[in-house]
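Residue numbers (the working numbering), protein chains in the order written: chain A, 158 to 512; chain B, 158 to 512; chain C, 158 to 512; chain D, 158 to 512; chain E, 158 to 512.
Dropping the structure here:
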């Protein structure tokens, strides 16, 4: 499978919504459940996904976080508990989606991409995080098992800071989305640092390696852009749409996340402009340097070729009527001529600023 | 007829909707009928297109698949059975349409392009597949006789897997469209592999042949793009439009196909960006290599031209006052001067990083 | 008047709708009238435009075709007969309009551009064809007298083929528009052939003349594009607008013409892409060829310059301590050295793939 | 003040709508009043702007034209007479606005740019013309005193040609706007002529001066474009908006002006395309010419360098075993060799089409 | 933190709307309160932000201006007085926002960027100014303490000039926004001057430093653009939206500011076009100059290389059948040949305009 395509065409002959088990390494999914209301909070690890069903109609808010989506039966069991459509489950399990929001009347399905910078592959890694927002529950699915972006949110819930415990599931949803988008700023800062470093190299030592770096960064910015642009639409719909699942009091917070997304987009566009300018300057300075070198080399040849001609003249073996050869000071005189010619050319070239 | 235009201007003086017989090779159309409901399924090959008329008002769902659209009378007979507009039949028979959807009240006419990669012509082949979706029937017309993309769907129907047998004609229509779009991912993967292979050649051996490969791929991507962009609109209208022919329960599946189309478009845009970057790097590296070569060659000339001049000086035949010629160690001395000059130049050029 | 502007600013001080007589060559307009219903058809040439008035309120459909719009009084008389607005008449007489549709309640005014390829001027010629569609009449005005695109339609009417005689004026209008747009495909095919021919020249013999050809074709495509893009809007409005002049049964035919227009636009965009790619390849291959030549020439110089230096050394006239000159095999030895130097350089350059 | 900015920031601390007197040269405004109805017409020059107030509620149509907007008190007095908003007056006096239309309920404020070509500055001059259209009056303000574009309209009014005297103030407004836009075609024709002249120079003598001309014209086209694009919106709003000030009968004329504006825009876009193509051809032909020159020069050097080497060989002073020097026909033989070498190279280079 | 990102990701685990104290230098905020109605005006400096609460429900208009937003408790206290949402306060304190308008029913929150040119950093500095517009109050927050753009507005209020004292809070809001946008014209004028200066350098002395200047200016224009584009939307919404906070009488003023913003955008787009053209001319003239130099140098070499060859011929040591060496006037004759060859080449090159 090419590295450019994340989604694999569904095996021919399979019905849509059929979850195929892409789990060669047999990774187990980790299910973490937090159930809370203004006063109490309960956290537990769930082994059997069926247990989730108890939370469906309960009072208070339930947040079920699943790390790892490759264990198909877990996804299916949770889907059954919360009455999720098979296509929704396929979207969770398959990955590679751009950010989107689907309205299934009694729950919203929201996909956001989490981005991280992989230092070894020197590239931005995009991981799909899927959310299902119901009336009193939030389900979140993270593609990879390692790393959990949501630890701070969990701590905030436990610490009962701010209004998070008093507010409903929609506010929790907002908190999680906000965490992911805040994370984009870290990526942006790292990119900013690399651009600044490249700018230094651009003025001191523009090498072809720099050119490759610029193009790599450009490609990463395109990846980033592809994750952020549709997110804008997703958030805008969350704010505008008439869904009872997102209360009016929460919409102001979503507008805030929307504003942050706009800031991210602004920064991305700035980076593109800056990189574009750097490319132009790079190409222009490489060509300029080459021109300088060629000019100097050509000037040297141009000065010596006429001198060589003069020397050649007096190396001719004519035996008659070749008076200069017999002059008393023929040799020094020729040196004088040659120095004069060379000097005149140097002066002329200098005046023309040719080297 | 130019290879760029698929549609031929209708012969002057012909009424619209007149089907002209473009069938020099006298290819027969193959008609395959599947009639099914939740319990029974009947499959047969139809020789005389008139026989199709029995299926029009029958219970259950009928799927008539026609391979080969050049046999005009077959198209016309089917058109008469299902009461299709002459312009619709012309669209089926003519080919070369971009994806579109036309609403004829009691049936929808849908055109989708099937793409395949032709290894001999080294190009993407686009084949028009036309669908007519009625209340209890689907007609599908494939331009070419060989190859049938729909075998898996047929098997699924026969195997009675998933909900396909219980659902109506609209769900069958979805299944067929989904099959075609899933097929795009295979094209995308092949393209992705070629891009990766080109990236390797770009760093190891950038030849003009590579340039042509890049442009060829770029052109194929444009072909692909032209098939996929209007498809987005077609699917979006299938999902949104208020037609009784597509039930609400099926719309969620069409939204899923729509999402896949968006993924295809995303991948296409990525490929374009990547190819654009490769072109720039190619041109820059070719120019860079050329510059290196010219610099080295010029440096060699530049070093030897002054030396040749020195040798020329002592080849002059002045007979008087030419003391160096009579020096005891004139010759070794001149060698020393020449080596010093050459060495100084080499050092200077090295310091300047000119070669 | 510049060739780029077709319309001339109206003479200052003239009221709008004043028809000025731009008819230096005194070309007479030819008026051809066809009056028909399902059973009868009458065709005649009209000398005095006033005679047209009898057709205004008559039963059946009247088609008045005027070849040549420069004879102002003819236009004015017809305008009076059918109660046309002075501005409409000015638009007919003036020419140079882009396709447009104006709704004058009891008639529609439609402008379409007819295109033909002028072999002598090597350019696309655009001719404005103006239509007035009333309830039971169609007026068509062609700018030039020679050539008549509508002969096939006339024959179809006379032959009573298809539904043309039974249908109303709107269907006749559709037939005429369809004829013009079908004609675009002929232009497109010719362009396609030229592009293919250019592609061959591009790989075999890329000359500056080819570059000019590419730019010429690019400009023609821009002309074509300017005629076709607004046409899309015109046809779309004919299909969508709520005008009693176009019956619902005819709208399906107009949608068909609309689809053909989209196909033309698609082909135009493809051509632009292909030409863009050809330009890039042209420039790149010219630069590549030049680089090859310069490299070979420079390599030759670079090999002989050091050899010349060696020969120069042994042309020096030092009289003492110049042992090589007295060696028994000095001369062959120097030849050996020179051959070795040249050989080493050739091998090195070959290894580096410099020529 | 930079030449790029026409508007100057308002002096800090001034209330909006404060008219500051930018009238260093103390230019007087000329006020010309024409009052007419179907039967009578009265024209007079007004010295004191207060006199205008008599026309406000009078029967018939009043057209007040003011040449020169720098005399602030004149603008203010007229503003008081017709009850105009201070901001509207500021817009008139300040200049530098893009075309716009503001609806002040009982009058419309319309800004259009008049363009003229200044031969001395070799640039397009844009002058703001402001209109106030009331129920029975039109006020027009021209920035500069010299030159009056409206003389023909004035003559038409006096001559009572066409419907101008019978129609209302809105028709007068239309006439004036039409005059300005007709004037654009004159600018376009001049530009067209310059482009044609440049095309000739492009093929005969492409100099850097031509490059500057192309860029200058490009810049002028951008100026023109900036005046015309917003005008399209202005006219479109005049046609569509529900204002009692523009009667339905007049709207058809405004649509006509709108069509002309579209033609101007079309021509501008064509010019841009043509100039873009000319730039590309210029750069390509300059580079091509340079390549030709360098190739020929390099070929000459490449032919003579090996010959010089041969001559150098027989200039060596080896005293033993140098048989050629003693051959009877050594000298002619060497000439033969040199001619053969040179000939072979010339043939080879010719075959390769290198010069 | 990179210089490209102004906003810092919120510390993980913090609730939204938590104001973190980014105030290392412990800068105090200065609070200036002006309370006025048509007759009286009171101005005072407030030390304790709590005092602001008295103004909330009072008659007349209150303008509270805060210089410096880093002292978190001040912002919070004012927020409590006027019942502002925590997210709004976070937006004020955080900075780095693009212009926006948020409607909180009983007050509007408006962000505008103030721009100034920093001569030391040679860059445009963007400072966020936040406004809260309530029914009878305006709060304005400036990021930096030094410099106050609003002094003129303050003087106007005190001086009771124009309608500012009689009008409400919305008119004050307009005045302040107008002041900021008027300030953009000063930036534009400075840029215009730099562009003109660059144009002079472009024709007299195009150096790589000029290239960097062009790119720097381009980047500044992008910064400016990013501040102004969204402002257009903000003002357009202020004019259109149905909010009781902005009275109809004030909307006409806001439309005026909107027009100015459009003028700024027009100027920015002009600058971009001009800079684009300058870049092209720069690159073209650099390449042209280089070509000239190389051509002249190559011409010199090309003339002398054949001459050197001729001299080399007569430096050969053939002893027999070398007649020229014994000619009486061999030497002058060879000089003649050499001068003839050189002259012919010079004439040929001149005719070809190669130097």
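Think of the CB as a built atom: it goes at the ideal place given N, C-alpha and C, for glycine as much as any other residue.
Note that the coordinates shown come from a computational prediction; the quantities given were computed from them, not determined experimentally.
Judged by beta-carbon spacing, residue 294 of chain D lies beyond the 7 Å limit of residue 434 of chain E, meaning their Cβ atoms are not closer than that value.
Contact residues of the stretch 445-458 of chain B toward chain C are 447, 450, 451, 454, 455, 457 and 458 (C-beta to C-beta distance below 8 Å).
Cβ atoms of residue 257 of chain E and residue 387 of chain E come within 8 Å of each other, at about 7 Å. Between the alpha carbons of residue 280 of chain E and residue 350 of chain E lies a gap of roughly 15 Å. Assignment of residue 417 of chain A by DSSP, reduced to helix, strand and coil, places it in the helix class.
Neighbours of residue 463 of chain D in chain C, taken as residues whose beta carbon is under 8 Å from its own, are 457 and 461 in chain order. By the beta-carbon neighbour count (other beta carbons within 10 angstroms, threshold 16), residue 399 of chain B is exposed. The beta carbons of residue 248 of chain B and residue 268 of chain B sit about 7 Å from each other, so the pair counts as a contact at 8 Å.
Closest by C-alpha distance to residue 409 of chain D, out of D:392, D:425, D:263 and D:422, is D:392.
Ranked by Cα distance from residue 202 of chain C, the options C:188, C:192, C:209 and C:194 are led by C:188.
As a beta-bridge residue in DSSP terms, residue 284 of chain B pairs with B:271.
Not a single C-beta of chain B is nearer than 7 Å to the C-beta of residue 510 of chain C. Cα atoms of residue 363 of chain A and residue 428 of chain C: separation of roughly 38 Å, rounded to the nearest angstrom.
Taking C-beta atoms as the reference points, residue 283 of chain D and residue 270 of chain D count as a pair closer than 7 Å. Cβ contact annotation for residue 186 of chain D (same chain, cutoff 6 Å, sequence separation greater than five): 223, 225, 228 and 231, in chain order. Excluding residues up to 5 positions away in sequence, 407 lie with their Cβ nearer than 6 Å to the Cβ of residue 328 of chain A in the same chain. Contact residues of the stretch 395-413 of chain A toward chain E are 409, 410, 412 and 413 (C-beta to C-beta distance below 9 Å).
In this structure, the beta-carbon distance from residue 457 of chain C to residue 461 of chain B does not fall below 7 Å. Here residue 220 of chain B is bridged, per DSSP, to B:191 and B:295. Residue 300 of chain C: not part of any alpha helix (DSSP H); DSSP gives it neither H nor E. Between the alpha carbons of residue 289 of chain B and residue 250 of chain A lies a distance of about 33 Å. For the 7 Å CB-CB criterion, residue 236 of chain A and residue 300 of chain A do not form a contact. Under the three-state reduction of DSSP output, residue 201 of chain A falls in the strand class. Excluding sequence positions up to five before and after residue 200 of chain E, its CB lies within less than 6 Å of the CB of 191, all in the same chain and listed in chain order. Counted as a single uninterrupted DSSP element, the stretch harbouring residue 403 of chain B is not any beta strand (DSSP E), since DSSP gives it neither H nor E. Comparing C-alpha distances from residue 233 of chain E to each of E:375, E:308, E:208 and E:369 shows the shortest one belongs to E:208. Approximately 12 Å separates the beta-carbon atoms of residue 323 of chain E and residue 198 of chain E; this is outside 8 Å, ruling out the contact.
About 5 Å separates the CB atoms of residue 417 of chain A and residue 338 of chain A; that is less than 8 Å, so the two are in contact. Comparing C-alpha distances from residue 243 of chain B to each of C:320, C:478 and C:419 shows the shortest one belongs to C:320. Taking 9 Å as the Cβ-Cβ cut-off, the stretch 253-265 of chain B approaches chain C at 253, 254, 255, 257, 259 and 261, given in chain order.
Under the 8 Å Cβ criterion, the stretch 490-507 of chain C does not count as touching the stretch 499-506 of chain B, having fewer than three qualifying pairs. Residue 470 of chain E reaches chain D at 468, counting residues in chain order whose Cβ is nearer than 7 Å.
Against chain A, a Cβ distance below 8 Å from residue 368 of chain E picks out 438 and 441. Residue 395 of chain B is not a Cβ neighbour of residue 378 of chain B, given a cutoff of 7 Å.
For residue 380 of chain A, same chain residues with a beta-carbon under 6 Å away, outside a window of 5 residues either side, are 281 in chain order.
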